[in-house]
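Everything below concerns the one structure shown next.
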Amino acid sequence: MTVRLNDRTDFTLDNARRVAFEGEDVEFTRAALDRMARAHETFQQYVDASRDIFIYGVTSLGGPEAKTHRTPEETMQLRRRMMRNRRTLAFSPGGEELPEEGLRATVFATLAQFIEGNTATHPRRAQAVADLLKRPMPSVPAQGVTVAGEILAMGFLYGEVPQIEEAGHQAGSGNGNQFTTGLSAGGAVQARRRLELAVRVFCLSVEAIDAPLEAYDPAFKKLWGDRFEGEALDAMNGLLRGARSAKRREYQAPVSWRVLPRVLGQAYRAVATLEEVAETSLRSISSNPGYSLPDRKHPFGHTFSNGGYHNAICPPALDSVAATWVDLGEVAHRHATKLHKGEVSHLPDRLFDPSADEVTRTSTSYLEYVPNGFLEEMRLLAQPSLLSAAEPAASEQDDQLAPGFLAFTKQRRVAELFDGIMAVLATAASQALYVTRRAPAAPLRLFLAAVRAHVPPVTEARPLGADVQALAEALGEATSTGDFSLGTKRRGAGRVAAR
Amino acid sequence: MTVVVNSRKDFTLDNFRRVAVGGESVRIGREGATAMREARKAFVRLLDSDRTQFIYGVTTGWGMDAKVRLTPEQQRARARRSFRGGAALGDPLPERAVRGIVFARLASYIEGNAKIRPETARTVASLLEGRLPQIPIDGQVWAGEIVPLAHLLEALPNDLELAEGEALSNGSPCAAALVADVAVQAANRLAIAERVFVLSIEAIQAPLEAYDPDLATLWGDPGEARAIKNLNRLLAGVPKKGRRFYQAPVSWRILPRILGQAHRAVGQVEDVARSSLASASDNPVYEPPSRAHPHGRAMSNGGYHNAAASPALDTLNASWSDLCTLADHHMTKLKRSHVSLLPEQMRQDLGMVGMAQIGFVEEARRAAQRTFIPAAEGDTQNDVAEPVFLAYKKSLVAAECLDTVLAMLAVVASQAYAATEREAPPKLRGFLEAARTHCPPLSREGRRRSPGREIAKLRDAFSEAALTGNVDLV
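Protein chains in written order, with numbering that gives the first Met the number 0: chain A, 0 to 498; chain B, 0 to 473.
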């Protein structure tokens with residue numbers, strides 16, 4: 000399949016998902032190509048008519064050199080010389096690499112800068128950038144690229160894109176915040192799926208401890224009046240549909256079970272905010288300078304130097320999502336611990352099978368230790384990605400940094416650790432249901448089967464680490480693929496019924 | 000004036016402001032009193048229909064004792080018990096926040112969801128008319144809000160009836176009030192920040208194209224659009240010609256983006272405050288009779304844990320921290336002639352001004368650190384604590400740091416106008432004049448003055464304006 004791009008309204012989160020995760024290609028419509036060509040041509044006239052005014056990157060060079068006025072020809076000549084080594088900006092010594100899907104989303108986001116002519120980019124250059132999506136992405140380091148704007152990372156991503164020699168002047172086609180936008184869009188797609196998976200795991204836990212269902216009653220939607228808590232309640236009630244209502248635990252479950260709709264509600268809020276800012280950013284023209292197309296007042300259009308390359312809405316949204324994984328992880332750890340504690344859960348203590356031999360019996364006991372280190376690391380990483388207090392470079396002109404890379408890499412690592420905690424809780428809940436010979440509510444059974452395909456109930460001593468890691472990886476993979484069977488359908492194990 | 004409440008819809012941010020900041024009292028309206036009375040009767044019928052059913056805190060013990068079923072005699076005997084006698088300590092909450100907690104407390108009562116009598120609700124409301132108890136800010140992190148509410152209950156007479164004790168100390172009125180206290184000031188604080196940053200834009204004579212109204216459409220974000228609109232309104236009438244001929248440093252150009260995120264953060268705090276104030280958060284919550292439930296229902300739940308307030312406060316604190324950072328960069332650059340194109344150090348007149356902000360910026364960064372669900376567990380039943388007091392405490396620090404750093408930037412910008420014999424933008428002349436009444440322009444001859452004290456006065460004026468809404472300092 001191919002995503003057709005006509006104007007900025009085509010830069011949706013869903014199209015970003017198709018390009019980034021499904022590997023789809025893009026195609027500019029004829030109208031879009033013509034519009035780009037017209038804007039490019041008009042911009043040449045604008046430059047000719049505005050030789051004496053400041054047009055960043057056209058009558059000046061960039062960054063600290065902006066104060067020196069140059070003719071457009073001089074600038075072009077100097078830039079051409081600078082770009083002879085096309086990876087001239089690839090300064091970072093390397094390290095952790097940005098993920099392929101994030102880079103594909105970044106390329107997609109870059110095309111929004113071109114499509115309505117706001118960077119006066121020649122359509123051939125636009126096509127050359129779009130063609131990057133037909134092959135594997137180059138390596139782009141996640142570290143060492145934090146700068147005012149995102150120009151250092153762009154050196155890695157676009158270094159090999161052919162320059163169009165005859166293309167004349169362009170307005171900032173290499174500037175903007177496409178990395179923050181693309182990485183956030185990818186992060187948003189995964190965050191929604193991660194949250195949906197987390198709700199499944201927590202509902203398994205609700206069933207495992209036989210929590211009274213009144214704490215999740217739909218009446219709380221109205222009583223609390225919060226849209227996102229309403230979404231959490233709907234999701235939980237959908238998954239708990241048909242759950243046994245009689246003979247459950249006779250008094251309220253510990254607080255960590257009762258607060259689930261509220262804590263999950265905050266997660267729904269955080270994810271929805273990330274989706275919203277990612278989609279807004281995908282459609283936004285963030286280039287410096289930006290080019291406004293001709294109107295009555297400006298017959299050749301006009302440019303404006305601006306700070307669009309600094310995306311200030313996505314990093315806080317990524318931070319909030321990371322923080323929500325920490326809070327959910329904390330609650331999940333409470334669950335995993337309590338499920339193993341018979342006096343609290345009313346389950347067989349430490350989840351030993353009551354029918355097993357007392358000497359040789361085994362269970363998931365001690366697995367609840369595992370999240371402790373994860374959580375400590377998550378709490379450290381999920382701190383906010385604030386503006387830098389430092390003077391970041393010799394040039395006092397470029398005096399503030401874009402925190403997008405930092406916010407993205409922190410959220411990604413926190414999410415990875417969160418998947419590990421979810422795998423632990425899913426395993427504990429599965430074991431609790433196994434040793435009490437119970438099945439969860441019908442909508443959860445296939446998911447439980449998928450969990451057990453990776454981590455079968457513990458009936459005899461075996462090392463659990465590899466199984467739980469496989470489950471954690473399957474959960475992580477599902478955030479990219481949307482396959483909530485956790486790969487079991489692919490392997491033909493999807494029909495395994497829960498006990 | 001008195002705020003009359005009849006239903007949860009009356010628990011608005013505006014009514015909160017009237018009660019908490021404006022000092023107004025609250026009266027329970029006739030409709031509200033009737034709803035409470037009817038609900039109370041229905042609840043007693045529900046209870047009498049089966050004294051062995053599980054109704055948390057009524058037919059059972061509290062907290063860890065939830066598993067203990069009480070006999071009808073025991074139920075009656077403990078009717079008058081409530082959690083009073085707070086064990087927290089530390090500096091007291093601002094009085095307006097305590098008033099806000101009393102107001103928010105009534106939301107769970109007004110439609111009968113807390114099953115208490117209207118007389119008891121009136122007694123709680125009457126706290127607003129006398130001397131309020133002090134609620135310490137530290138040591139208030141536990142499951143729900145029973146610890147801070149115990150301090151509030153010290154001021155109430157002990158004439159409670161069945162099931163009223165726990166209805167006074169359950170729920171999340173503190174979270175609602177604390178996030179609302181920040182919300183009613185946040186938009187004003189941001190308006191002051193926009194004024195000071197516009198003074199700075201004009202001080203360096205930044206090219207106006209970075210604030211071009213077209214950017215609102217090109218960027219497409221409502222928060223940024225609002226920031227751009229406000230900046231342009233405040234910049235109206237400034238000279239278009241003779242400005243700095245090339246782009247200003249990044250910290251000036253990204254202002255609409257950073258202010259836009261601040262608008263977004265303010266909006267989120269306001270949203271969360273609105274829904275929190277109007278929510279019935281008690282455990283158990285009582286749902287009055289319906290066709291499906293002729294006696295109504297008492298539902299055990301986790302409403303006492305407000306999970307939205309702390310993250311919203313954290314996000315706002317981060318925005319205040321970012322604005323502090325930008326203000327610091329502006330001050331530093333305004334003083335550096337080769338960057339600002341202004342006289343070096345404003346002709347050396349500034350002295351130590353512009354050198355004291357770094358500590359406040361760092362403190363704001365610390366205050367912007369995240370407030371997670373605490374790792375400490377409490378006990379095995381009450382195993383998740385609500386951290387809103389921690390987030391609120393950081394909000395007080397972040398706001399004070401921002402007011403301070405903005406006052407400093409206002410003084411440095413003011414000096415730039417004095418040194419270049421220019422005027423502030425027409426819309427801000429009154430604002431600058433008011434700021435100069437606290438801290439007039441400096442000169443080398445006047446170095447014996449103590450600008451620190453003067454800046455503190457300007458900071459206090461900003462803090463006051465955040466509460467009153469007098470953001471133009473008229």
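Heads up, the beta-carbon is just placed ideally off N, CA and C, and yes, glycines get one too.
Under 6 angstroms: does the beta carbon of MET35(A) sit that close to some heavy atom of the ligand ATP? Inclusion of the ligand ATP in the displayed structure is not the case, the ligand content being empty and no account of it being possible.
Throw me the rounded Cβ distance for the GLY295(B) and ALA78(B) pair, which I believe falls under 8 angstroms. Here residue 295(B) corresponds to residue number 296 of the second sequence, with the count starting at 1. Here residue 78(B) corresponds to residue number 79 of the second sequence, with the count starting at 1. The pair is not a contact, with the Cβ atoms about 19 angstroms apart (cut-off 8 angstroms).
What residues match up with ALA285(B) in a beta bridge as DSSP calls it? Start at 1 with the first residue of the second sequence, and residue 285(B) comes out as number 286. A quick correction: the sequence has Tyr, not Ala, at residue 285(B). Beta-bridge pairing links TYR285(B) to ALA297(B).
Hey, does TRP141(B) have any beta-carbon neighbour from chain C nearer than 7 angstroms? Among the protein chains of the structure shown, namely A and B, there is no chain C.
Just list the residues that DSSP pairs PRO238(B) with in beta bridges. Indexing the second sequence from 1 puts residue 238(B) at position 239. Paired residues: none, contrary to the question.
DSSP-derived helix/strand/coil call for SER24(B): Translated into positions along the second sequence, residue 24(B) becomes position 25. Looking at SER24(B) - three-state DSSP - the assignment turns out to be strand.
Quick one: which residues of the region 178–211 of chain B get their C-beta closer than 7 angstroms to a C-beta of chain A? List them in chain order. PRO206, GLU208, ALA209 and ASP211
Between LEU474(A) and ALA422(A), how many whole angstroms is the CB-CB distance? I'm expecting something under 8 angstroms. Taking the first residue of the first sequence as 1, we reach residue 474(A) at position 475. Taking the first residue of the first sequence as 1, we reach residue 422(A) at position 423. Sure, about 6 angstroms apart at Cβ, within 8 angstroms.
Can you list, in chain order, the residues of its chain whose CB lies under 8 angstroms from that of PRO424(B), leaving out five sequence neighbours each side? Taking the second sequence and counting its residues from 1, the one referred to as residue 424(B) is at position 425. Excluding positions up to five away in sequence, the list reads VAL197, LEU198, GLU201, LEU233, LEU234, ALA235, GLY236 and VAL237.
I need the straight-line Cα distance from LEU182(A) to GLY377(B), nearest angstrom please. Position 183 of the first sequence, counting from 1, holds the residue named residue 182(A). Position 378 of the second sequence, counting from 1, holds the residue named residue 377(B). Near 39 angstroms, if we compare the C-alpha coordinates of GLY377(B) and LEU182(A).
Identify which residue in LYS488(A), ALA207(A) and LEU12(A) has its Cα closest to the Cα of ALA425(A). Here the question's residue 425(A) lines up with position 426 in the first sequence. It is ALA207(A).
Just the chain A side, please: which residues come within less than 7 angstroms of ILE257(B) by C-beta, in chain order? Counting from 1 along the second sequence, the entry for residue 257(B) is found at position 258. Simply ALA311.
Let me make sure I understand the geometry here. Which of ALA214(A), LEU259(A) and ALA431(A) has the alpha-carbon closest to that of SER364(A)? On the first sequence, position 365 is the one that residue 364(A) refers to. If we check each option's Cα against that of SER364(A), ALA431(A) comes out closest.
My understanding is that GLU499(A) touches GLY185(A), with C-beta atoms under 8 angstroms, so please give their C-beta distance in whole angstroms. There is simply no residue 499(A) to check, as chain A begins at 0 and stops at 498 in what is shown.
Would you decide whether LYS114(B) is buried or exposed? Buried here means 16 or more other CB atoms lie within 10 Å of its CB. Walking along the second sequence from the start, residue 114(B) turns up at place 115. Under this definition LYS114(B) is a buried residue.
Distance, SER289(B) Cα to LEU46(B) Cα: As a working mapping, residue 46(B) is identified with position 47 in the second sequence. As a working mapping, residue 289(B) is identified with position 290 in the second sequence. Each residue's alpha carbon lies about 16 angstroms from the other.
Assuming HIS168(A) and GLN43(A) are in contact, meaning their beta carbons sit under 8 angstroms apart, how far apart are those beta carbons, in whole angstroms? If you number the first sequence from 1, residue 168(A) lands on position 169. If you number the first sequence from 1, residue 43(A) lands on position 44. Indeed, because the Cβ distance is near 6 angstroms, the residues count as touching under 8 angstroms.
Who are the neighbours of ILE115(B) on chain A, taking C-beta pairs under 7 angstroms? As a first step, residue 115(B) is located in the second sequence; it is residue number 116 there, counting from the start. Simply none; closest approach about 16 angstroms.
Can you round the beta-carbon distance between ALA434(B) and ALA367(B) to whole angstroms, since I take them to be within the 8 angstroms contact cut? Within the second sequence, the letter at position 435 stands for residue 434(B). Within the second sequence, the letter at position 368 stands for residue 367(B). The Cβ separation is near 26 angstroms, so there is no contact.
If we count the other Cβ atoms within 10 Å of its Cβ and call it buried at 16 or more, is PHE90(A) buried or exposed? Working through the first sequence from its first residue, we reach residue 90(A) at position 91. Exposed, since its Cβ has fewer than 16 Cβ neighbours within 10 Å.
Close beta carbons around GLY31(B), own chain, < 7 angstroms, minus the five adjacent residues each side: The residue given as residue 31(B) occupies position 32 in the second sequence. So the qualifying residues of the chain are VAL4, ASN5, SER6 and ILE109.
Helix, strand or coil: how does DSSP classify VAL410(B) here? Walking along the second sequence from the start, residue 410(B) turns up at place 411. Three-state result, VAL410(B): helix.
Any chance the region 336–346 of chain B sits against the region 374–390 of chain B, with 3 or more Cβ pairs inside 8 angstroms? no
What are the boundary residues of the beta strand (DSSP E) that LEU405(A) is part of? To locate residue 405(A), count along the first sequence from 1; it is residue 406. Segment 403–434 is the alpha helix (DSSP H) holding LEU405(A); no beta strand (DSSP E) there.
Give me the chain B residues within the contact set of TYR157(A), using Cβ-Cβ distance strictly less than 9 angstroms, ordered along the chain. As a working note, residue 157(A) is residue 158 in the first sequence. Within 9 angstroms Cβ-Cβ: nothing; TYR157(A) doesn't reach chain B, min ~21 angstroms.
Measure how close the beta-carbons of LEU472(B) and ALA464(B) come, nearest whole angstrom, since I'm counting them as under 8 angstroms. Residue 472(B) sits at position 473 when you count from the first residue of the second sequence. Residue 464(B) sits at position 465 when you count from the first residue of the second sequence. Sure, about 6 angstroms apart at Cβ, within 8 angstroms.
With 16 as the cutoff for other CB atoms within 10 Å, does GLN265(A) come out buried or exposed? Within the first sequence, the letter at position 266 stands for residue 265(A). Burial call: buried.
For GLY429(B), the first and last residue of its enclosing beta strand (DSSP E): What you label residue 429(B) is simply residue 430 of the second sequence in a count that begins at 1. Segment 428–437 is the alpha helix (DSSP H) holding GLY429(B); no beta strand (DSSP E) there.
Please name the residue in SER320(B), ALA398(B), TRP141(B) and HIS437(B) whose C-alpha comes closest to that of SER462(B). Numbered from its first residue, the second sequence carries residue 462(B) at position 463. Of the listed residues, the one whose Cα sits closest to SER462(B) is ALA398(B).
With the cut-off set at 7 angstroms, would you say GLN204(B) and ARG252(B) are in Cβ contact? As a position in the second sequence, residue 204(B) is number 205, starting the count at 1. As a position in the second sequence, residue 252(B) is number 253, starting the count at 1. No, the Cβ-Cβ distance between GLN204(B) and ARG252(B) is not below 7 angstroms.
Can you name the residues that DSSP bridges to LEU4(A)? Position 5 of the first sequence, counting from 1, holds the residue named residue 4(A). For LEU4(A), which the question treats as bridged, DSSP gives the partners PHE27(A).
Nonlocal neighbours in the same chain, by C-beta distance under 7 angstroms from ARG268(A), ignoring five residues either side: In the first sequence, the residue the question calls residue 268(A) occupies position 269. Cβ neighbours of ARG268(A) beyond the five flanking positions: PHE227.
Under 8 angstroms between beta-carbons, which chain A residues line up against LEU325(B)? List them in chain order, please. Counting from one through the second sequence, the residue named residue 325(B) turns up at place 326. Under the 8 angstroms cutoff, chain A gives LEU386 and GLN399.
Close Cβ partners of ALA496(A) (< 7 angstroms) along its chain, the five nearest in sequence each way excluded: Taking the first residue of the first sequence as 1, we reach residue 496(A) at position 497. Residue confidence for ALA496(A) is low, a pLDDT of 38 falling below 50, so the modelled location carries little weight; the figure read from the coordinates is stated next. Closer than 7 angstroms at Cβ, skipping near neighbours: ARG444 and ALA448.
Looking at GLU208(B): is its Cβ nearer than 7 angstroms to the Cβ of PHE303(A)? For this step, residue 208(B) is matched to residue 209 along the second sequence. For this step, residue 303(A) is matched to residue 304 along the first sequence. Against a cut-off of 7 angstroms, the Cβ pair of PHE303(A) and GLU208(B) comes out as a contact.
Boundaries of the beta strand (DSSP E) in which ILE136(B) is found, first to last residue: For the purposes of this step, residue 136(B) is identified with residue 137 of the second sequence, where counting begins at 1. Where ILE136(B) is concerned, the enclosing beta strand (DSSP E) stretches over 135–137.
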